[in-house]
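Here the structure comes first, spelled out in structure tokens, and everything after it is commentary.
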Amino acid sequence: MTNSPDILCIGSVLWDVIGRSASHMEKGADVPGRITRLPGGVAMNIAMTLRRFGRSPALLTAVGRDAEGDELIAECIRMGMVCDHVYRSDDLPTDRYMAVEGANGLIAAIADAHSLEAAGAKILAALENGTLSSRAAPYSGTIALDGNLTEALLTQIASDAMFRDADLRIAPASPGKAERLQPFLRNGRGMLYVNLEEAGILCQTTFKSAAEAGARLLERGAQRALVTDGGRPACDASADGVLVQCPPKVLVTRVTGAGDTFMAAHMSAELDGQPRDAALDRALQAAAAYVSGDTGL
């Protein structure tokens, strides 16, 4: 494949260790199930879905020069990611994410993205040194950005002229990191992809619907916001109005990575020139197929 990407995915690329059981689980449960390890992280999950839609994503992230890192990079290349610009650290280990899912959804998860946080702005070198762009000629393509970066680096990106021409799409990574996206509200930059809980955290309140949350995010400064609410209606809120659609009804077999799949499918649809309603529909269809297990991802 070519080493010229058509979209950048900035953020976490790591190993996902996921335990899944068909049983309903509560605190302290000990049940049979399956444990898998596969490439993951928000930026990686987005990139994998972009590949499904024929895109050529480049990863800007931090991966250790350990055995796990070598294996992860090899797998990313095998799947068609451009890894030329990944920051490889001699001192930092490759990050990991661990989750447990039951029949009643996500039970618990821990994201160990400390190496990504420690690498900081080093992962953005290719945007500044002329490899992909420079301060004199900022990157003007689409960027998927995830909230696993530090608050300081996200604050820098939200106001940095180096990103002024980019089509910036941002996901919080998890409700626990949603607050990190406040700088994008303050600067009115980028498009936010959040679920109902994350929207509530950003707006310091609770919402009854995605449409209500999307409208409030616009009031608080968001340039545009896509809000999902599980199997309930999702919305695309922008200056052109609040568009609402219902996702397909499916049997949920997995949840980790569903939001990333939704975001990537929506971005790809818009890059294909699809209108707002068609792009939102594609994203909802892709997310539904993912959680039902009807895709190879």
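Quick note on UniProt numbering: the sequence shown kicks off at 1 and runs consecutively.
C-beta: ideal position from N, C-alpha, C; glycine also.
Kindly give me the distance between the Cβ atoms of residue i and residue j, rounded to whole angstroms, as I take these residues to be in contact under 8 Å.
{"i": "Ile46", "j": "Ala278", "result": "Contact doesn't hold; Cβ gap of about 20 Å is too wide."}
{"i": "Gly11", "j": "Thr49", "result": "That pair is no contact at about 14 Å."}
{"i": "Cys235", "j": "Gly259", "result": "No, Cys235 and Gly259 are not in contact; Cβ-Cβ is about 14 Å, not under 8 Å."}
{"i": "Ala126", "j": "His85", "result": "4 Å"}
{"i": "Ile143", "j": "Leu8", "result": "5 Å"}
{"i": "Glu151", "j": "Arg180", "result": "5 Å"}
{"i": "Tyr97", "j": "Ala109", "result": "7 Å"}
{"i": "Ala178", "j": "Ile201", "result": "4 Å"}
{"i": "Leu59", "j": "Val82", "result": "7 Å"}
Can the beta-carbon of residue i be found closer than 7 Å to that of residue j?
{"i": "Arg37", "j": "Trp15", "result": "yes"}
{"i": "Gly64", "j": "Thr94", "result": "yes"}
{"i": "Val42", "j": "Ala171", "result": "yes"}
{"i": "His24", "j": "Ala103", "result": "yes"}
{"i": "Leu243", "j": "Gly221", "result": "no"}
{"i": "Gly120", "j": "Leu153", "result": "yes"}
{"i": "Leu280", "j": "Gln245", "result": "yes"}
{"i": "Asp229", "j": "Ala210", "result": "yes"}
{"i": "Phe207", "j": "Leu196", "result": "yes"}
{"i": "Asp91", "j": "Ser56", "result": "no"}
{"i": "Glu75", "j": "Pro39", "result": "yes"}
{"i": "Ala288", "j": "Pro248", "result": "yes"}
{"i": "Phe53", "j": "Ser292", "result": "no"}
Cα-Cα, which of the options is closest to residue i?
{"i": "Leu145", "options": "Leu72, Met44, Ala288 and Thr256", "result": "Met44"}
{"i": "Ala161", "options": "Ile170, Arg189 and Ser238", "result": "Arg189"}
{"i": "Arg20", "options": "Ser133, Val255 and Ala121", "result": "Val255"}
{"i": "Val13", "options": "Arg88, Pro183 and Gly28", "result": "Arg88"}
{"i": "Asp165", "options": "Ser268, Gly141, Gln156 and Glu71", "result": "Gly141"}
{"i": "Gln223", "options": "Asn187, Gln204 and Val194", "result": "Asn187"}
{"i": "Gln285", "options": "Ser238, Gly231 and Met79", "result": "Gly231"}
{"i": "Gly105", "options": "Asp272, Ile18 and Pro275", "result": "Ile18"}
{"i": "Pro183", "options": "Arg282, Leu149 and Glu212", "result": "Leu149"}
{"i": "Gly241", "options": "Glu219, Ala118 and Gln274", "result": "Glu219"}
{"i": "residue 300", "options": "His266, Leu271 and Phe262", "result": "What is shown of the chain runs 1 to 297, which leaves residue 300 out entirely."}
{"i": "His114", "options": "Phe163, Pro138, Gly147 and Val82", "result": "Gly147"}
{"i": "Asp294", "options": "His266, Val250 and Leu271", "result": "Val250"}
{"i": "Glu26", "options": "Glu101, Met81 and Val82", "result": "Glu101"}
{"i": "Glu270", "options": "Phe163, Asp167 and Ile77", "result": "Asp167"}
{"i": "Ser133", "options": "Gly273, Phe163, Ala239 and Gln204", "result": "Phe163"}
{"i": "Ser174", "options": "Arg34, Gly273 and Gly257", "result": "Gly257"}
Using DSSP's beta-bridge definition, name the partner residues of residue i.
{"i": "Asp16", "result": "Leu38 and Tyr97"}
{"i": "Arg228", "result": "The question names Arg, but residue 228 is Thr in the sequence shown. Thr228 pairs with Asn195."}
{"i": "Ile10", "result": "Leu60 and Leu145"}
{"i": "Asp108", "result": "Reading the sequence as shown, one finds Ala at residue 108 and not Asp. Partner(s): Val100."}
{"i": "Asp260", "result": "For Asp260, which the question treats as bridged, DSSP gives no partner whatsoever."}
{"i": "Asn129", "result": "Ser134"}
{"i": "Ser238", "result": "Gly241"}
{"i": "Val82", "result": "Ala58"}
Along the chain, where does the beta strand (DSSP E) that runs through residue i open and close?
{"i": "Ile123", "result": "It is not in any beta strand (DSSP E) - Ile123 carries neither H nor E in the DSSP assignment."}
{"i": "Thr142", "result": "Thr142 to Asp146"}
{"i": "Thr165", "result": "Inspection of the sequence shows that residue 165 is occupied by Asp rather than by Thr. Here Asp165 belongs to no beta strand (DSSP E), and DSSP marks it neither H nor E."}
{"i": "Gln245", "result": "Gly241 to Gln245"}
Provide the residue span of the alpha helix (DSSP H) that contains residue i, from first to last.
{"i": "Tyr290", "result": "Arg276 to Ser292"}
{"i": "Arg88", "result": "From DSSP, Arg88 is part of no alpha helix (DSSP H) but of the beta strand (DSSP E) over Tyr87 to Ser89."}
{"i": "Gly214", "result": "Ala210 to Glu219"}
{"i": "Asp70", "result": "Ala67 to Arg78"}
{"i": "Ala158", "result": "Glu151 to Ser159"}
{"i": "Leu181", "result": "Looking at the DSSP string, Leu181 is not in any alpha helix (DSSP H), and its letter there is neither H nor E."}
Looking at the C-beta of residue i, does it have a partner C-beta in chain C at a distance below 7 Å?
{"i": "Leu217", "result": "No chain C appears in this structure, which consists of one protein chain only."}
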